[in-house]
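Respectively, the protein sequence lines represent chains A and B.
Note that our numbering numbers the first sequence so that position 165 is 1579, with each residue one more than the last.
Note that our numbering numbers the second sequence so that position 104 is 136, with each residue one more than the last.
Ideal Cβ positions, reconstructed from N, Cα and C, are used throughout, including at glycine.
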Amino acid sequence: MWEQIRSNQIKSAMLVALMGVLLLLLGYFLGLLFGSGIAGIIIALIVWGIMNLVAFFQGDSILLGISGARKISPDDHPRLYNVVEEMKIASGLERMPDVYIIDDPALNAFSTGRDPNRASVAITSGLLQKLNRDELQGVISHEVAHIKNRDVLLMVLLSVLLGSIVILAWYASRFMFLSGAGGGRSRSSSGGGGGAQLIIIIVGVVLMILAPIAAQLIYFAVSRKREYLADASSALYTRYPEGLASALEKLATSDTSVRTANKATAPMYIINPFQKKGISIESLTSTHPPIAERIRILRAMAGASLADYEQSYRQARGGGGIIPASAVAGAGTMALRAPSPETKPVEEFPQKVERARETSDLMWRLSNYKTISCECGITLRIPPNFRAPAVRCPHCGRVNRIL
Amino acid sequence: MIAVWIIVGIIIIALIVFWATYNGLVRLRNQTKNDWAQIDVQLKRRHDLIPNLVETVKGYMKFERETLEAVTKARNIATQAASAGAAERGKVEGELSGALARLLAVVERYPDLKANQNFLALQEELTSTENKISFSRQYYNDAVLKYNNQTQMFPSNIIAGMTGFKAGEFFEVTAAEEREAPKVSFT
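Written out as structure tokens, the structure is:
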């Protein structure tokens, strides 16, 4: 029931290899255009190597750094930390991922870490504020599933290859137009091989135009597939697909895009960070499947197992499934659990205020503000550079000592 | 001479099979112990939380003495059974779960209590602990199933019998509330 989705990993490895071959082909033919195919391959490998080094040494810190994420401890936000820990247990991760909060009103969450034992989960404060416990569990389980399925590693490998292909094609096209087609030079030196030379030029130009597009399509297709798989795992871990479905619904109604997201970091988020309100068609150049469809699949699940998700997926989309047969075969149907007591709609309003207050308290604390509650009921926030030993309450005039 | 070599060969092969099967059994048994330790941590955490919960709730719920006493009693029984086997503990923990669920249902009638910060923090901890117990239970029971299959299936059951490997116990929390489907009446 809990076994890794192994045949899927083989497929993923083949896609990585395919993109690698595409990069080498591109390098070879572009090299031929300028004189030497081998030199082209070497240049392609050097570009790829440099991109890899950058991704390897700075991958996590870049993503968490540009997102302005802050690491939290269990006391900062017990519910968030608890939920991550629950999902760590449910997924069977060996080590607890680091938990980060991004101070951003946009609604999103992401996970990073090539190694499941050194992974991180991050969520925006806006999203944290909006979700109840079950929904939060749904979102976190989706992110933990990305870690457990090693999606981060796969997407880093693919994006490095994609980046190398795009860079190579871009520079080659600049060189060609600037030097008025490099082929002219080599044709004069090689003399007789005019026909072969023409073919090389055509193949080179076609590859230059098509390789980046093909690479991007592979990349987006893999990314979308991984989102569905993470949804399936999420339902399995929580045994409550409604939690994630309801969270996605809330995410769908937001029209703020994440300030710090860019094209490279997009696949790591739970929904496409650039998506504008109302867009639901599945385009070939989208990193995420349409939210409405993800919700529909989750809501139609009869149980919580991978087999249940597979069945629901087939019904919603028609045609082939998403989860490899080997993983489905071992998984019977699994009973759903009941919602946790907090989700009763009666309490909806006070809960929202409570959550908003909790999150804003957390953000103040993480910015090193001190919080003092005066006896008159007013909460005072003391900025970190305030040096005086006591402060007078502006409401009732009591003097409160700063500890 | 050849016969001697064949006998020696058979003995060596038998020893290798014995060695591999024995180590496999030990590995599986350790896995169940490890998974059980995970559950044990969470059960202990739950027992530690309950006195605090009862203390916090007491002041607000003057008329629910029976409910509170049931929780305290179930908790004490569960604490005493801390070194018992998985099956026995599943039973007493199930009783505790039932008593707790009844208490938390009663809480709905006390809006003041639900505004109490201390209570909310405790409720969060309890909910999370319950979840952790049920998620780690899945792993433990899977490990026990694997281990039991090895101890009971031929040919590893022979070696298990010789070296004293006993079947493991499943951990099933059997609260009355959990088994019964919710009844809906439209009267």
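Tell me, please, whether the CB atom of Tyr171(B) is closer than 8 Å to any CB atom in chain A? yes
Does the stretch 84-92 of chain B come within contact of the stretch 38-58 of chain B, defined as at least 3 CB pairs closer than 8 Å? no
Tell me whether Val36(B) is buried or exposed, calling it buried when 16 or more other Cβ atoms sit within 10 Å of its Cβ. exposed
Helix, strand or coil at Arg1806(A) according to DSSP, with G and I counted as helix: strand
Can you check whether the CB of Tyr171(B) is closer than 8 Å to the CB of Asp67(B)? yes
Should the stretch 1556-1564 of chain A be called in touch with the stretch 1576-1593 of chain A, which here means at least 3 C-beta pairs below 8 Å? no
Considering Cα atoms alone, identify which of Arg1509(A), Lys1544(A), Ile1452(A), Pro1519(A) is closest to Val1535(A). Arg1509(A)
CA-to-CA distance, Glu162(B) to Thr64(B), given in whole angstroms: 20 Å
For Glu1789(A) and chain B, any beta-carbon pair shorter than 8 Å? no
Quick check on Pro1492(A) - is its C-beta less than 8 Å from some C-beta in chain B? yes
In angstroms with no decimal places, state the Cα-to-Cα distance between Val176(B) and Phe203(B). 9 Å
Partner residues on chain A for Ser160(B), Cβ-Cβ distance less than 7 Å: Asn1496, Glu1500
Assign Val49(B) to one of two classes, buried (16 or more other C-beta atoms within 10 Å of its C-beta) or exposed (fewer than that). exposed
How long is the line joining the alpha carbons of Leu1541(A) and Ala1610(A), rounded to whole angstroms? 59 Å
Along the stretch 1430-1461 of chain A, where does the CB come closer than 8 Å to a CB of chain C? Name the residues. Note that chain C does not occur in the displayed structure, where the protein chains are A and B.
So, are the CB atoms of Ile1362(A) and Pro1530(A) less than 8 Å apart? Lying before the first or after the last residue shown, residue 1362(A) is absent from chain A, which here runs from 1415 to 1817.
Give a yes or no on whether 8 Å exceeds the smallest Cβ distance from Asn181(B) to chain A. no
Per the DSSP calculation, Arg1795(A) is bridged to which residue(s)? Thr1785(A)
Do we get a CB-CB distance below 8 Å when we pair Ile1581(A) with the residues of chain B? no
Classify Met1501(A): buried if its beta carbon has 16 or more other beta carbons within 10 angstroms, exposed otherwise. buried
Using the beta-carbon of each residue, which ones in chain A are nearer than 7 Å to Asn163(B)? Glu1500
By how many angstroms is the C-alpha of Thr1652(A) removed from the C-alpha of Ile1503(A)? 11 Å
Quick check on Gly1717(A) - is its C-beta less than 8 Å from some C-beta in chain B? no
Excluding the 5 residues preceding and the 5 following Arg1779(A) in the sequence, name in chain order all residues of the same chain whose CB lies nearer than 8 Å to its CB. Asp1490, Thr1785
So which residues of chain A does Ser168(B) contact, with C-beta pairs closer than 8 Å? Ile1503
Alpha-carbon spacing of Asn1565(A) relative to Gly1434(A), whole angstroms: The residue asked about is misnamed: residue 1565(A) is Asp in this sequence, not Asn. Cα to Cα, the separation comes out at about 18 Å.
Rounded to whole angstroms, what's the CA-CA distance from Ala1586(A) to Asn1466(A)? Just pull it up for me. 20 Å
Say whether chain B places a C-beta atom closer than 8 Å to the C-beta of Gly1463(A). no
Residue-chain proximity (Gly1482(A), chain B), Cβ-Cβ < 8 Å: no
Same chain, Cβ closer than 6 Å to Ser1603(A), five either side skipped, listed in chain order: Reliability of the predicted coordinates at Ser1603(A) is poor, the pLDDT of 46 falling under 50, and the value obtained from them is presented with this limitation in mind. Contacts found: none.
If I measure Cβ to Cβ from Asp1512(A) and keep anything under 7 Å in the same chain, skipping five residues before and after, which residues do I get? Lys1485, Ser1534
Rounded separation between Gly130(B) and Val124(B) - CA only: 10 Å
Using 8 Å for Cβ pairs, my map puts Leu100(B) next to Met93(B). What's the rounded Cβ distance? 7 Å
The stretch 98-109 of chain B: positions lying closer than 9 Å to chain A by Cβ: none
At a Cβ threshold of 8 Å, is Gly1577(A) touching chain B? no
Is the Cβ of Lys94(B) closer than 8 Å to any Cβ of chain A? no
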